[in-house]
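Protein chains in written order, with this note's numbering: chain A, 7 to 330; chain B, 7 to 330.
First the structure, in the form of structure tokens, and then the observations on it.
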């Protein structure tokens with residue numbers, strides 16, 4: 007029980023493998039790559055029971071309880087369909103798919119087949135999320151007037167980022183984090199989505215963006231990203247009674263409450279973690295055991311919501327992928 | 007010599023009076039208000055030689071070398087004209103005027119009359135400006151990819167902010183700081199100016215905004231503001247080799263250099279100051295002694311540039327003042 011199979015052997019796959027090896031009652035059962043050699047090498051290093059030279063072979067193995075998809079997001083749509091067609095529960099890396107139409111199609115499939123289909127946007131599953139939600143709900147910030155969050159890395163030379171055919175660019179790789187940072191704490195209706203974008207001169211992918219989410223209740227959220235420089239990864243939630251500063255929205259390292267005089271009032275303790283991926287894995291396994299097809303931390307409607315925001319942004323930029 | 011007259015008795019006037027009292031070789035010669043009682047009270051507290059019950063009386067006094075305009079910005083245009091017509095050198099608080107047409111008119115007047123006309127945007131004159139400029143010029147940040155800065159205060163109940171007839175709202179009171187923070191360090195051409203704005207439900211003034219300045223060289227600058235909450239006042243300059251974090255762009259308290267691993271590399275010492283206003287006063291007096299009509303720290307073309315950006319933003323928001 008709790009046998010996990012990983013599709014892909016890249017960085018994110020290695021982090022998941024390390025996580026599984028650190029967890030109790032969870033087994034790294036198999037890993038698949040289009041190259042058997044790569045899969046075998048990965049299996050050796052990360053102690054996977056099996057290695058497969060094709061995704062289909064892994065998906066055909068009846069012993070696997072949960073498939074983790076760790077390939078570039080341009081390939082998520084097809085692999086999710088393949089996995090569901092093999093009656094597998096699926097945890098798929100972000101961005102979930104390249105657009106919302108694809109997301110809706112596969113989520114409908116999971117619903118029809120009564121299989122778990124979850125997005126591995128790990129920040130939604132981390133304990134820091136609950137800590138932050140509780141602080142906001144406590145009223146200590148007063149009325150929240152604005153949110154600002156950013157994530158940027160110098161990944162301009164990364165092949166996956168540079169290629170439009172791989173759904174490259176900043177939006178689906180990086181902007182989804184500040185967007186999720188905002189949406190998971192502020193669920194009310196968004197009235198308008200506005201943005202500024204600068205396209206990469208060499209590759210034509212979206213290289214930098216500043217996205218504004220204007221909420222019906224008057225709150226404004228800014229999401230900033232780029233693929234050229236490491237931004238400070240900070241998230242700040244501003245209320246009229248104080249503000250909350252989150253260090254590293256991609257895996258919160260510190261959560262600090264300041265009053266309106268910019269004085270540090272409290273620092274909240276963040277639980278130690280294995281790698282941080284254990285929470286999404288555990289929630290998926292709990293959901294499977296309960297027969298749920300979506301995770302409470304990232305429900306299907308939220309997966310669609312994020313993808314629709316990304317669609318809206320790309321439409322406004324007239325930026326489309328060749329396969330769309 | 008170096009007799010200064012202040013028009014207005016508000017908060018900013020008191021800060022200037024305190025500054026003058028702390029400076030050597032500068033005298034608080036007179037203060038004017040539309041209420042003589044107010045002026046006399048101010049003069050008593052801040053040791054002004056004279057108190058005037060009208061602006062015209064102060065402007066008519068030949069002993070005054072420099073007039074400091076400290077009334078709401080809706081009244082700057084008229085008072086600058088009045089002061090120049092009395093052949094006075096002028097240091098006028100920000101926002102310089104309500105729009106760029108007014109700015110151009112009074113700057114032309116100063117040129118014709120060969121009088122100093124300066125904008126009291128104090129951050130341009132502070133030593134921290136040179137420190138930051140030198141860091142950027144040293145190349146330690148690499149190529150600067152983005153700038154983010156914010157300034158917000160809970161001033162929604164302030165009469166001056168609430169009234170359109172006083173050129174109220176966030177833009178001319180607050181956004182000018184992040185805009186100046188960006189422009190004074192990055193002078194190259196701006197290709198596009200984009201923004202999101204939320205108007206105040208009760209008063210109709212601009213309450214919150216996120217402004218993006220898209221530079222021709224590919225840099226993006228974000229300027230965030232609101233009148234409802236104290237934002238963290240941070241400015242961050244992001245390069246591909248590291249980033250610089252400025253605490254409080256409205257009067258830098260700390261300047262910290264981080265590398266691309268988010269490690270603090272260096273903290274730069276900021277000279278102690280009287281109030282911070284002494285630098286703009288001293289530069290004005292130096293300029294007068296040299297017969298200059300503009301300050302090197304905030305030349306006339308930059309005053310116009312900022313006002314034109316504000317005009318452009320308000321035009322795009324279809325937001326105009328009743329007196330325009």
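Here a beta-carbon is modelled for each residue, glycine too, at the ideal position from N, C-alpha and C.
None of these values were measured; they are calculated from a predicted model.
Check: Based on the DSSP secondary-structure assignment, which residues constitute the bridge partners of residue 72 of chain B?; Outcome: B:10, B:95
Check: For a contact meaning CB atoms closer than 9 Å, what does residue 290 of chain A contact in chain B?; Outcome: Near residue 290 of chain A there are no residues of chain B at all, since even the closest Cβ is about 30 Å away, more than 9 Å.
Check: List the DSSP bridge partners of residue 301 of chain A.; Outcome: A:304
Check: Quick one: residues in its chain with C-beta nearer than 7 Å to the C-beta of residue 157 of chain A, no 5 flanking neighbours on either side, listed in chain order?; Outcome: 180, 183, 184, 231, 237, 239, 255, 256
Check: List, from N- to C-terminal side, the beta strand (DSSP E) runs of 3 residues or more that fit wholly inside the region 121-192 of chain B.; Outcome: 123-126, 150-158
Check: Look at residue 52 of chain A and residue 34 of chain A and say whether their C-beta atoms are less than 8 Å apart.; Outcome: yes
Check: Give the secondary structure of residue 64 of chain B by DSSP, where H, G and I count as helix, E and B as strand, and everything else as coil.; Outcome: helix
Check: In or out: residue 212 of chain A buried (at least 16 other Cβ within 10 Å) or exposed?; Outcome: buried
Check: Per DSSP, residue 240 of chain A is paired with what?; Outcome: Paired residues: none, contrary to the question.
Check: Closer than 6 Å by C-beta to residue 162 of chain B: which residues in its own chain qualify, once you throw out the five before and the five after it? Chain order, please.; Outcome: 233, 234
Check: Kindly provide the ranges of any beta strand (DSSP E) runs that are 3 or more residues long and lie completely inside the region 187-221 of chain A, ordered along the chain.; Outcome: 196-205, 212-221
Check: Taking C-beta to C-beta, are residue 80 of chain A and residue 172 of chain A nearer than 8 Å?; Outcome: yes
Check: What's the gap between the Cα of residue 262 of chain B and the Cα of residue 166 of chain B?; Outcome: 35 Å
Check: If you draw a straight line from the alpha carbon of residue 205 of chain B to that of residue 214 of chain B, how long is it in whole angstroms?; Outcome: 7 Å
Check: Is the beta carbon of residue 57 of chain B closer than 8 Å to that of residue 69 of chain B?; Outcome: no
Check: I need the boundaries of the beta strand (DSSP E) containing residue 268 of chain A, first residue and last residue.; Outcome: Neither: residue 268 of chain A is in no beta strand (DSSP E) and is coded neither H nor E.
Check: Let me check understanding here. Comparing Cα to Cα, which of A:71, A:293, A:216, A:82 lies closest to residue 225 of chain B?; Outcome: A:216
Check: Are the Cβ atoms of residue 131 of chain A and residue 112 of chain A separated by less than 8 Å?; Outcome: no
Check: Tell me whether residue 91 of chain B is buried or exposed, calling it buried when 16 or more other Cβ atoms sit within 10 Å of its Cβ.; Outcome: exposed
Check: Provide the residue span of the beta strand (DSSP E) that contains residue 276 of chain B, from first to last.; Outcome: Segment: none, residue 276 of chain B is in no beta strand (DSSP E) and carries neither H nor E.
Check: Any idea what DSSP makes of residue 100 of chain B, helix, strand or coil?; Outcome: coil
Check: How many angstroms separate the CA atom of residue 324 of chain A from the CA atom of residue 223 of chain B?; Outcome: 22 Å
Check: How is residue 251 of chain A classed by DSSP in three states: helix, strand or coil?; Outcome: strand
Check: What is the rounded straight-line gap between the Cα of residue 99 of chain B and the Cα of residue 125 of chain B?; Outcome: 6 Å
Check: What are the boundary residues of the alpha helix (DSSP H) that includes residue 17 of chain A?; Outcome: 17-28
Check: So, under 8 Å CB-CB, residue 246 of chain B and residue 145 of chain B are touching, yes? Tell me the CB distance rounded to an integer number of Å.; Outcome: Actually they do not touch by this definition, with Cβ atoms about 11 Å apart.
Check: Closer than 7 Å by C-beta to residue 72 of chain A: which residues in its own chain qualify, once you throw out the five before and the five after it? Chain order, please.; Outcome: 10, 95, 97, 290, 291, 294
Check: Quick check on residue 212 of chain A - is its C-beta less than 8 Å from some C-beta in chain B?; Outcome: no
Check: If you measure from the beta carbon of residue 216 of chain A to each beta carbon in chain B, is any gap under 8 Å?; Outcome: yes
Check: In the DSSP assignment, find the unbroken beta strand (DSSP E) run with residue 48 of chain B in it and report its ends.; Outcome: From DSSP, residue 48 of chain B is part of no beta strand (DSSP E) but of the alpha helix (DSSP H) over 42-52.
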